[in-house]
Amino acid sequence: MIKEREPALERMSVIAQVFWTLVSFYFLLWFEGIVTVDNFLETRDHFVLAIVIIPVWFTMLEMFEMGTMGRMQKYRTILKKYLFLIPIGSFVLFIMIHLFDFNSITGTDLMKFAILDFLVLSIQKIIGRMVIRSFRKKGYNTRMLLLIADETGAPFVRQIIETDDWGYRIWGIITDSDKIKNEFGDKYAIYPENEDFARLIDEKVIDDVFFCKQDFNTHVVRKLVNECREVGVGFHLHNKVLAFGGLDPKLSFLNRQFFLSFRNTPENYIALKIKGAVDFFMATVILILVSPVMLTIGLLIKLEDGGPVFFKQVRVGKHGRLFKCLKFRTMVTNAEDLKEKLMELNEQDGPVFKIKNDPRITKVGKFLRKTSLDELPQFINVLVGDMSIVGPRPPVPSEVKQYKRSLNRRLSVNPGITCTWQVSGRNNIPFDRWMEMDMEYIDNWSLGLDFIIILKTFKVVFSSNGQ
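Okay, structure coming up:
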């Protein structure tokens, strides 16, 4: 395969990042008083480390493709790469100061350097991207595209047109679709599907070909890919088959054969293990801290009607496992028996039963629900592994029986004490939107998202807005 030439701007970007890393390094040494004008030539420590920084940072920046223009790359992705590569480089320097027994620079200094380098490189990268995007809007640093599309490719064409800061320009469209012709024919060159594809990419300035069709012949696509490969033009296949709502297709290999794998649940092994550890740690700490509060609540419930303190209800957990979900009892002792009589008052659509002013709720229960304190015992469920702190709320078996099959994906992760629905209005949200929120949480899960939901939960609790 003919490799596309790497633009000079991308190599210059890597060199610039190495330069700013050296600036960060020497600024820190100057700021800490380690290197001054007077002793600059008297110590070799900083010279050796600076010489090491150049190849190490250059290699890692190249490996992580930090010189690329990143037309559609998110800022979050860039920052994550820096968070990974800078500590690795700093660790190499840490090894150097111990191998050569450097006394003037310590591990603490290297830690400060890593933080400073992250800030400097992030800022210069963000500013650089803003400048590049402004140039792209003016027509500079662009890539010419040839699209092969049917009517299903129309949204992609519109997206390319609307996002001129990506730096993509449509040179022409190969299509037999009347919809594409009518909508874009006055803006771009339109070619029939029997057009000589090889001649087009040979004679015209084409950087990338995007294939956006619902139905296609594998033999035809293979032929197009080979013709692009022969001249070094990128080929990108987009198809509805590869875009099932919310799923994240990735190439995987087994016995030297590749498969297109769809991620149906979060798969970041390390992050999931961290989530489990955080759940256990937080549940332990919270239960210890709020134990006086829980004892007080238990006493109030007991004094009100003499009934049990806890309400234990069978709920559905991960992959359909049943468990007893704990809550402080907020209703009268015969609440479940009264439920059938109140079904006609249900205000929540879907299979869920909710009444805004439920007559079964006790006086203490009303306060507990308003402040969400009734759910404190669920940290015990988290401690034993039945639940997580953040995750879709656990349904009761009767609700699950009424689910459409697609909703069972809610059960692919551990249920949680709090979730997007909990912090977004709860009973004011229609059932279908509630389910969408849970699916969006599963599809976009990250430790950062959990942290945001936890912060919003505190806001809801302290504002007494637990509807």
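Here my numbering = 1-based position in the sequence shown + 15. No residue lacks a Cβ here, since even glycine has one placed at the ideal position from N, Cα and C.
Inter-residue spacing [alpha-carbon to alpha-carbon] between residue i and residue j
i, j, result
"Asn-118", "Glu-47", "14 Å"
"Phe-343", "Phe-325", "5 Å"
"Leu-161", "Gln-32", "33 Å"
"Ile-175", "Glu-245", "26 Å"
"Glu-390", "Leu-341", "7 Å"
"His-234", "Gly-104", "46 Å"
"Ser-137", "Leu-94", "7 Å"
"Ile-112", "Leu-44", "14 Å"
"Leu-470", "Ala-292", "19 Å"
"Gly-82", "Leu-100", "14 Å"
"Glu-80", "Phe-338", "47 Å"
"Gly-313", "Leu-287", "34 Å"
"Ile-141", "Tyr-90", "8 Å"
"Asp-132", "Ser-39", "6 Å"
"Lys-96", "Met-75", "10 Å"
"Glu-21", "Ile-130", "Summary for Glu-21: the model assigns pLDDT 39, below 50, so the residue's position carries little reliability, and this model does not support an answer."
"Leu-462", "Lys-290", "7 Å"
"Val-248", "Ile-221", "7 Å"
"Glu-210", "Arg-26", "37 Å"
"Phe-394", "Ile-301", "8 Å"
"Glu-166", "Phe-73", "45 Å"
Residue burial classification, residue i (beta-carbon count within 10 angstroms, cutoff 16)
i, result
"Asp-373", "buried"
"Met-78", "exposed"
"Thr-377", "buried"
"Val-397", "buried"
"Gln-229", "exposed"
"Phe-212", "buried"
"Val-172", "buried"
"Ile-468", "buried"
"Phe-128", "buried"
"Gln-417", "exposed"
"Ile-68", "buried"
"Arg-330", "buried"
"Pro-392", "buried"
"Phe-115", "exposed"
"Ile-404", "buried"
"Asp-465", "buried"
"Ile-303", "exposed"
"Asp-401", "buried"
Other residues of its chain near residue i: CB distance less than 8 Å, five sequence neighbours each side excluded
i, result
"Phe-333", "A quick correction: the sequence has Lys, not Phe, at residue 333. Hits under 8 Å: Leu-426, Ser-427, Val-428, Asn-429 and Pro-430."
"Met-346", "Phe-326, Asp-373, Arg-375, Ile-376, Thr-377 and Gly-380"
"Gly-122", "Phe-109 and Ile-112"
"Val-135", "Trp-35, Thr-36, Val-38 and Ser-39"
"Leu-383", "Ile-312, Phe-343, Thr-345 and Asp-389"
For residue i, the residue or residues it bridges with in DSSP
i, result
"Met-346", "Ile-376"
"Cys-243", "According to DSSP, Cys-243 bridges with nothing at all."
"His-253", "Cys-227"
"Val-405", "Thr-433"
"Met-159", "Arg-184"
"Ala-164", "Cys-227"
Close-in-space but distant-in-sequence residues of the same chain around residue i (CB under 6 Å, 5 per side omitted)
i, result
"Gln-328", "Cys-340"
"Ile-243", "Looking at the sequence provided, one finds Cys at residue 243 rather than Ile. Closer than 6 Å at Cβ, skipping near neighbours: Val-224 and Phe-250."
"Ala-204", "Gly-187"
"His-253", "Cys-227"
"Ala-350", "Arg-375"
"Val-71", "Gly-104 and Val-107"
"Met-450", "Leu-422"
Near the ligand ADP: residue i beta-carbon under 8 Å from a heavy atom
i, result
"Ala-31", "Ligands displayed in this structure: none; no statement on the ligand ADP is therefore possible."
Own chain partners of residue i with C-beta closer than 7 Å, once the 5 adjacent residues on each side are dropped
i, result
"Gly-260", "Note that Gly-260 scores a pLDDT of 49, beneath 50, so its modelled location is shaky; the value from the coordinates is reported in the next line. No residues qualify anywhere along the chain."
"Leu-37", "Ala-65 and Ile-68"
Residue i at chain C interface by Cβ criterion, 9 Å
i, result
"Gly-187", "Absent from the structure is chain C; it holds one protein chain and no more."
Problem set entry | Any alpha helix (DSSP H) of 4 or more consecutive residues that is wholly inside the segment 413-462 | 446-458
Exercise. Hey, which unbroken runs of the beta strand (DSSP E) at 3 residues or more fall wholly within the segment 169-235?
Worked result: 183-189, 204-206 and 223-227
Exercise. Which whole runs of the alpha helix (DSSP H) in the segment 80-118 are 4 residues long or more, in chain order?
Worked result: 90-114
Problem set entry | Entirely enclosed beta strand (DSSP E) segments - the segment 299-344, minimum 3 residues | 325-331 and 337-343
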